[in-house]
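Under full-length UniProt numbering, think of the first position of the sequence shown as 1, with each following residue one higher. From the three backbone atoms N, C-alpha and C, an ideal C-beta is built for every residue, glycine too. Worksheet: the structure to be examined is printed underneath.
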Amino acid sequence: MAVIDGNVMAINPGEETKNQMYIWNNIFYSLGFDIRDHYKDLGGDAAAFVAPRNDLHGVRVYSAVDIEGLYTLGTVVIDYRGYRVTAQSIIPGILEKEQEQSVVYGSIDFGKTVITHPRYLELLNKASQHLKILPHEVLNEKDEAVELCSSVECKGIIGNDGRHYILDLLKTFPPDVNFLKLDEKLSEEISALGYPIEQKHKLSCLRQELLDAFVDDRYVTFIKHAAYHLQQLNAAKKAAVVEGGGKQVQQSEKDRNEEKEVKDKKEEKEEGEEMPAVKVETNNNVKSEGSRMEEAVKMMETMSEGIIPEKLATDSRDVVKKACAAVGSLKETEFDIRFNPDVFSPGIRHVDNQEAANSLKKQKQLVKDAAEFLVLKQIPAFVQDFLDHASAPMDGNTLTEALHARGINIRYLGRVAVKLSQVKSLEYLHTIAVSELILRATKHIFTAYMQNCEMISMALAISHFLNCFLASGVIATPPVGLDELQKVQKRRNRRRNGKHACPVGVDNLEWAQLTQKSLWQQIRRELKTYWDWDLSCDNVDGAVEMYKLQKVGLLRAFCLKVGLQILLREYNFDSRHRAIFHEDDILNVFPVVKHINPRASDAYNFYTTGQTKIQQGCFKEGYELISEALNLLNNVYGALHPENAQCLRMLARLSYIMGDPQEALTIQQRAVLMSERVNGIDHPYTISEYTHLALYCFANSQISTALKLLYRARYLALMICSDDHPDIALLDSNISLILHAVGEYELSLRFLEHALALNIKYFGEKSLKVAVSYHLVARTQSCMGDFRSALNNEKEAYAIYKQQFGEQHEKTQESSECLKHLTQQAVVLQKKMNDIYSNGKLTTGLPPIHIQPPSMGSVLEMLNAINGILFVQISPKDIVNLKNEIEKRQRVTDGVLGEQQEEIERIISTNKQDEVPQSSSTTTITTTTAATDPTEGAAAAAECPMANHVDAIKVEPVS
1 MAVIDGNVMA INPGEETKNQ MYIWNNIFYS LGFDIRDHYK DLGGDAAAFV APRNDLHGVR
61 VYSAVDIEGL YTLGTVVIDY RGYRVTAQSI IPGILEKEQE QSVVYGSIDF GKTVITHPRY
121 LELLNKASQH LKILPHEVLN EKDEAVELCS SVECKGIIGN DGRHYILDLL KTFPPDVNFL
181 KLDEKLSEEI SALGYPIEQK HKLSCLRQEL LDAFVDDRYV TFIKHAAYHL QQLNAAKKAA
241 VVEGGGKQVQ QSEKDRNEEK EVKDKKEEKE EGEEMPAVKV ETNNNVKSEG SRMEEAVKMM
301 ETMSEGIIPE KLATDSRDVV KKACAAVGSL KETEFDIRFN PDVFSPGIRH VDNQEAANSL
361 KKQKQLVKDA AEFLVLKQIP AFVQDFLDHA SAPMDGNTLT EALHARGINI RYLGRVAVKL
421 SQVKSLEYLH TIAVSELILR ATKHIFTAYM QNCEMISMAL AISHFLNCFL ASGVIATPPV
481 GLDELQKVQK RRNRRRNGKH ACPVGVDNLE WAQLTQKSLW QQIRRELKTY WDWDLSCDNV
541 DGAVEMYKLQ KVGLLRAFCL KVGLQILLRE YNFDSRHRAI FHEDDILNVF PVVKHINPRA
601 SDAYNFYTTG QTKIQQGCFK EGYELISEAL NLLNNVYGAL HPENAQCLRM LARLSYIMGD
661 PQEALTIQQR AVLMSERVNG IDHPYTISEY THLALYCFAN SQISTALKLL YRARYLALMI
721 CSDDHPDIAL LDSNISLILH AVGEYELSLR FLEHALALNI KYFGEKSLKV AVSYHLVART
781 QSCMGDFRSA LNNEKEAYAI YKQQFGEQHE KTQESSECLK HLTQQAVVLQ KKMNDIYSNG
841 KLTTGLPPIH IQPPSMGSVL EMLNAINGIL FVQISPKDIV NLKNEIEKRQ RVTDGVLGEQ
901 QEEIERIIST NKQDEVPQSS STTTITTTTA ATDPTEGAAA AAECPMANHV DAIKVEPVS
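Here is the structure:
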């Protein structure tokens, strides 16, 4: 902030303000502009703005690999007032000499001069195996081959402390050819979708998550190809053995006939010959017969161990070669998929062996295949993941996290929005995607807009921009303060000498010329050029109506993205003649920081092991392991961290499952407070924490508090994603059950009906969630005395249960009993009403109508089920049977090995050693499944029709 505000002296004050650099508290700061035309061929300032983000991603992955002896710089990217500042730690001694003298590995001029270093090759080669980076050779200015294990732009500098540092990791990953204009042609499928899309810069790279997914997919394909060819090979081998056996039988019969003929001839000549001659002939016959037997045995051995293994070894190499060729492996004899990050870099001359398996052509094809895999497989798989609505994003941040987990860059968000628009049940997700598209396009425009604003006019300029973005009426220019601002600016221009000027400030009022129409035209252009997505409206009202957006949600998300703090008040977004935002509403502009999140690996291992124990039913052991993980996280991160909150949430849930709701309430309160601090008071994770806390409060008889928490969670959810979202159905079901427990049946029915409508919309009319909603509605209506409506709703639930489970299922029978009871009560009520209508009073003694209010226990049981917790009671005998079944399946699994997989592994290892084995080796694969202890409880698989997913199922032994 001090750098942008002009409060820090530059280390090169004589240069242009855009090129100035700063050092403050031993931290080096540089601005995101193209210094000395370094990025001229890559997009100029647009490339310089993106490069720090790519560099940060490179630092993240190299830090995660954690190669001993290889060091990266501490890097943080800050966006503040439209400027991008990169803050980095300083390599010891780097300021004492020129960069050309410091760099011992890589290039300082984008590949014109390239040098290498053996120690860096050793260290980077270890990292490249994890990062899927292909070691390659390039030509330097002397046409000498130089080996690199990273991109050319990666620089290696040995500090005065003796450590080997790497920096400028902006091209760690291969380029995304779908957003680059190249001479190479893309496939017809990709070209038909409108790719490549040319952006302002040429630094679009693929994500590490995508590369991992692509390599995994190719490995599965490799195994399938190898298994297919191996199966054919084995079939041919068996056919050869059968055919060889038949020929052997025929040969044996022929040999016996020949022996008989020879014997007869010998008998005829026996009288005139001497005995020794007969002895010799007999010996010769014995020798001949023995030799034929040996040849027969040798032939059989040759078929199985001699010729066939040699032929099999040759064919095995052919199998591997075919499989490698099918997946584009860079080695002929083993699976090797890695990427050359410089393969499409302009000005880089590669050493290309065109006949080798790793030729430059194949390297380019691999990069194109990875980009094609993203569009044709990853994006459809991403859409498919959300069809069950198990983990539905609530805002743009959670949607971005889901995209990145699949390796999908945000520049593909337009394509994702198109795919989502084709699925009716994902309408809410399409709304979130469109909102994110509009916000990001607006953020791009706001970045350039803010660079033309001085500090004195900052608040007025921001309020004017927000009015142009979100106001319904026509806001031409700032109505108040502009004339005074111009006068003040003229006086300041005459007095000041420029010492405290903003580094790249512009003394003009161009921002005041922005109008609502011009802003939305820029937004449409930005959406088309950057995301190839067409916005079908030219103002905020049209967007809100067409895509079901919320202005308050847009305002919240925009402020978080660009770092704005505004006054907390009720903003009238429907006003068409007055400005919504004023200068006094802008309280602060804060920096938005991008940084890496180091992972506490030991704590992560404890946490994952604890989750495994929980899935196995060992809740106490899981609780201890997660508690240990929390202790380690507190030592590593401190008291406040998102991962600490995650551990606390899990510990609270375990405490509740193990029968200690008071302890669960105490722990969950800490989780809520921590989530509010580290995630935000309106973050989707915080909303989830409120929901869990409400459940534990209800279990501890704090009904009023539970209801307030659920109302708070629902209010925040409506602020973020409106009421058309699957998670709103879950919140409404929770609220309705608690209202039902306190006798507020009418209000409870309103929430239930809304939850039912959402469940029908997103899960289908025959979903189990819908059946439960019908049952809850029927139960509430019966308590209100509306038996006819209750009967109709229960019939719907019964029909779903009957279709899904059959007539003999427990749920179907329970629904049938409920139908009988409701029918009986409806008949009794109708008879009473008919009697009253006919005689004016009751004349016969009819049985009373039984309206039983719900018990707290039944409500709590239903709340548990809705929130994904089932308590299943089974007998000790059933637990023993379950344990025996698990052990039986384990023995079967251990006894049956996959022959094809074993053979493939043998072939691959054989080819790696480059020798033909004399006897086939055996690979033993052992799978261990922990036995379930009956005293700890058993993990049972069951489907809860009301929950998004069953987080935990506790099995309680009963006598």
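Residue pairing for residue 646: DSSP places it in no beta bridge. Here residue 610 is near residue 625, since their CB atoms are less than 7 Å apart.
CA-to-CA, the gap between residue 94 and residue 102 works out to about 7 Å.
By the neighbour-count criterion, in which a residue is buried when 16 or more other Cβ atoms sit within 10 angstroms of its Cβ, residue 613 is buried. Scanning its chain for C-beta atoms nearer than 6 Å, with the 5 sequence neighbours on each side dropped, one finds around residue 462 the residues 586, in chain order. The residue from 50, 19, 26, 43 with its alpha-carbon nearest to that of residue 36 is 19. With respect to residue 533, residue 648 sits apart: the two C-beta atoms are not nearer than 7 Å. A residue is called buried once 16 or more other Cβ atoms fall within 10 Å of its Cβ, and residue 112, having fewer, is exposed. Of the candidates 538, 529, 75, 538 places its Cα closest to the Cα of residue 521. Burial check for residue 547: the Cβ neighbour count within 10 Å reaches 16 or more, so the residue is buried.
Less than 7 Å separates the beta-carbon of residue 51 from that of residue 170. Taking residue 751 as the centre and dropping the five residues before and after it, the same chain places the C-beta of 732, 735, 736 closer than 6 Å to its C-beta, in chain order.
Scanning 383, 337, 674 for the CA closest to the CA of residue 221 turns up 337. In terms of CA proximity to residue 652, 663 leads the group 663, 642, 644.
Shortest Cα-Cα distance from residue 595 to any of 21, 73, 43, 372 involves 73. For residue 588, the uninterrupted beta strand (DSSP E) segment begins and ends at 586-589. Within its own chain, the residues whose Cβ lies closer than 6 Å to the Cβ of residue 327, once the five positions on either side in sequence are excluded, are 218, 221, 222, listed in chain order. In the three-state reduction of the DSSP assignment, residue 356 falls in the coil class.
According to the DSSP assignment, residue 725 belongs to no alpha helix (DSSP H), since it is labelled neither H nor E. Note that the C-beta distance between residue 725 and residue 530 is not below 7 Å.
CA-CA distance, residue 2 to residue 557, rounds to 26 Å. For a cut-off of 8 Å, the C-beta gap from residue 746 to residue 777 is around 13 Å, too long to register as a contact. Its chain contains 399, 413, 416, 417, 420 as the residues whose beta carbon lies nearer than 8 Å to that of residue 433, once the 5 sequence neighbours on both sides are disregarded; these appear in chain order.
Around the beta carbon of residue 685, 16 or more other beta carbons lie within 10 angstroms, which makes this residue buried. DSSP assignment within the segment 92-175 yields the following whole beta strand (DSSP E) runs of 3 residues or more, N-terminal first: 103-105, 136-139, 145-148, 155-158, 164-167. Proximity of the segment 353-363 to the segment 372-392 falls short of the contact definition, fewer than three beta-carbon pairs being nearer than 8 Å. The alpha helix (DSSP H) runs of length 4 or more contained entirely in the segment 344-392 are, from start to end of the chain, 360-373, 379-385.
For residue 341, the closest C-alpha among the options 364, 525, 351, 352 is that of 364. As the crow flies, the alpha-carbon of residue 68 is around 27 Å from that of residue 641. Annotated three-state conformation of residue 220 is helix, per DSSP.
For the segment 725-750, the continuous alpha helix (DSSP H) assignments of 4+ residues that do not extend past its boundaries occur at 726-741, in sequence order.
DSSP places residue 28 in the uninterrupted beta strand (DSSP E) bounded by 27-31. For residue 346 and residue 202, the gap between their C-alpha atoms comes out near 10 Å. Residue environment: residue 811 is assigned as buried (16 or more neighbouring CB atoms within 10 Å of its CB, all protein chains considered). Annotation: the segment 43-85 contains the following complete segments of the alpha helix (DSSP H) (minimum length 4 residues), in chain order: 45-65.
By the CB criterion at 7 Å, residue 794 and residue 822 fall inside the cutoff.
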